[in-house]
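Novice: Under my numbering, the residues of the sequence shown are numbered 185 to 356, in order. If you scroll down you'll find the structure; I have some questions about it.
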Amino acid sequence: MLEYSIPREVLRTRIVEWHDASVVPALVAGLSGLEIMRGIRDGVLPAPPMARLLGFRCVVAEPGEVAMRLDHDPSIENTMGMLHGGAAATVLDTAMGCAAHTTLPQGNGIVTLDLNVTYLRPITVTNAPVTATGRVINAGRRVIYVTGEVKDRDGALVAHAVGNFSIVGARA
185 MLEYSIPREV LRTRIVEWHD ASVVPALVAG LSGLEIMRGI RDGVLPAPPM
235 ARLLGFRCVV AEPGEVAMRL DHDPSIENTM GMLHGGAAAT VLDTAMGCAA
285 HTTLPQGNGI VTLDLNVTYL RPITVTNAPV TATGRVINAG RRVIYVTGEV
335 KDRDGALVAH AVGNFSIVGA RA
């Protein structure tokens with residue numbers, strides 16, 4: 185059995201604050217998906233709890249396109265010192281889902297049906313921050329098809345994704 189001792193001085197702590205998601209419906213009542221995303225981008229509406237947890241923020245909110253920026257944080261690295269693939273996938277899923285949401289009128293939301301991510305190169309402290317961008321390719325009556333990409337600080341493509349998002353709410 186492997187035995188090891190990790191010195192206490194290398195232990196790190198991260199404290200995360202977020203708004204209770206139960207207050208959001210009242211804040212966004214009457215707003216379109218685009219208005220909601222612009223409110224989050226501008227800091228008028230609270231970011232989703234997952235964005236606060238992983239440390240990403242909305243930097244672009246336009247019709248059919250949303251971008252999220254993720255700064256490097258050692259708390260979301262894998263054991264090899266690279267950004268964990270699940271964290272990259274989460275930022276992609278969020279950017280893509282929010283892009284889909286920008287196409288919807290008030291009273292509607294989206295949920296992910298499927299997401300396929302292809303990783304092209306690792307994300308490390310040397311090429312962070314990264315920006316995940318989602319772009320709507322086709323908005324149907326019930327399903328929205330979206331592509332996504334993650335680029336590093338130099339603009340190099342590090343991951344690509346495709347996904348389908350189901351419309352929930354009044355339009356569904």
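We put the beta carbon where it would ideally sit given N, CA and C, even for glycine.
Are there three or more Cβ pairs, one per stretch, closer than 8 angstroms when the stretch 235-244 is compared with the stretch 269-278?
Specialist: Short answer: they touch.
Novice: According to DSSP, is GLU193 part of a helix, a strand, or is it coil?
Specialist: Locating residue 193 in the sequence shown gives position 9, where the first residue counts as 1. If DSSP states are grouped into helix, strand and coil, GLU193 belongs with the helices.
Novice: Counting along the chain, where does the beta strand (DSSP E) carrying ALA251 start and finish?
Specialist: Within the sequence shown, the letter at position 67 stands for residue 251. From DSSP, the beta strand (DSSP E) with ALA251 extends over 249-254.
Novice: Check whether the Cβ atoms of ALA345 and ALA283 sit closer than 9 angstroms, and answer yes or no.
Specialist: The residue labelled residue 345 in the question sits at position 161 within the sequence shown. The residue labelled residue 283 in the question sits at position 99 within the sequence shown. No, they are not a contact pair.
Novice: Tell me the DSSP secondary structure of HIS344 in three-state form.
Specialist: In the sequence shown, the residue the question calls residue 344 occupies position 160. The answer is strand: DSSP assigns HIS344 an E or B state.
Novice: Using a threshold of 9 angstroms, state whether the C-beta atoms of VAL208 and LEU229 are closer than that.
Specialist: For the purposes of this step, residue 208 is taken as the residue at position 24 of the sequence shown. For the purposes of this step, residue 229 is taken as the residue at position 45 of the sequence shown. Between VAL208 and LEU229, the C-beta gap is smaller than 9 angstroms, which places the two residues in contact.
Novice: For GLY347, tell me which candidate among GLY324, GLU193, THR331 and ARG198 has the shortest Cα-Cα distance.
Specialist: If you number the sequence shown from 1, residue 347 lands on position 163. Checked all of GLY324, GLU193, THR331 and ARG198; the closest Cα to GLY347 is THR331.
Novice: Below 6 angstroms CB to CB, which residues in the same chain sit around ARG196 once its five sequence neighbours on both sides are set aside?
Specialist: Counting from one through the sequence shown, the residue named residue 196 turns up at place 12. Contacts found: none.
Novice: What's the gap between the Cα of GLY353 and the Cα of THR302?
Specialist: Along the sequence shown, read from residue 1 onward, the residue named residue 353 stands at position 169. Along the sequence shown, read from residue 1 onward, the residue named residue 302 stands at position 118. Using only the alpha carbons, I get a separation of about 31 angstroms.
Novice: Determine the extent of the alpha helix (DSSP H) in which ARG325 is found, giving its start and end residues.
Specialist: Indexing the sequence shown from 1 puts residue 325 at position 141. No alpha helix (DSSP H) contains ARG325, which DSSP labels as neither H nor E.
Novice: With ILE220 as the anchor, note down where its beta strand (DSSP E) starts and where it stops.
Specialist: Along the sequence shown, read from residue 1 onward, the residue named residue 220 stands at position 36. For ILE220, no beta strand (DSSP E) encloses it; the enclosing alpha helix (DSSP H) starts and ends at 217-225.
Novice: Does the beta-carbon distance from THR315 to VAL334 come in below 9 angstroms?
Specialist: If you number the sequence shown from 1, residue 315 lands on position 131. If you number the sequence shown from 1, residue 334 lands on position 150. Yes, they are a contact pair.
Novice: Please name the residue or residues paired with LEU299 in a DSSP beta bridge.
Specialist: Taking the sequence shown and counting its residues from 1, one reaches residue 299 at position 115. DSSP lists GLY347 as partners of LEU299.
Novice: Give me the Cβ distance between HIS256 and PRO313, rounded to the nearest whole Å; I'm assuming they're in contact under 8 angstroms.
Specialist: For the purposes of this step, residue 256 is taken as residue 72 along the sequence shown, with counting starting at 1. For the purposes of this step, residue 313 is taken as residue 129 along the sequence shown, with counting starting at 1. With 8 angstroms as the limit, HIS256 and PRO313 qualify as a contact, their Cβ atoms being about 6 angstroms apart.
Novice: Measuring straight from C-alpha to C-alpha, what distance separates ILE199 and VAL295?
Specialist: Here residue 199 refers to the residue found at position 15 of the sequence shown. Here residue 295 refers to the residue found at position 111 of the sequence shown. Those two C-alpha atoms are separated by around 28 angstroms.
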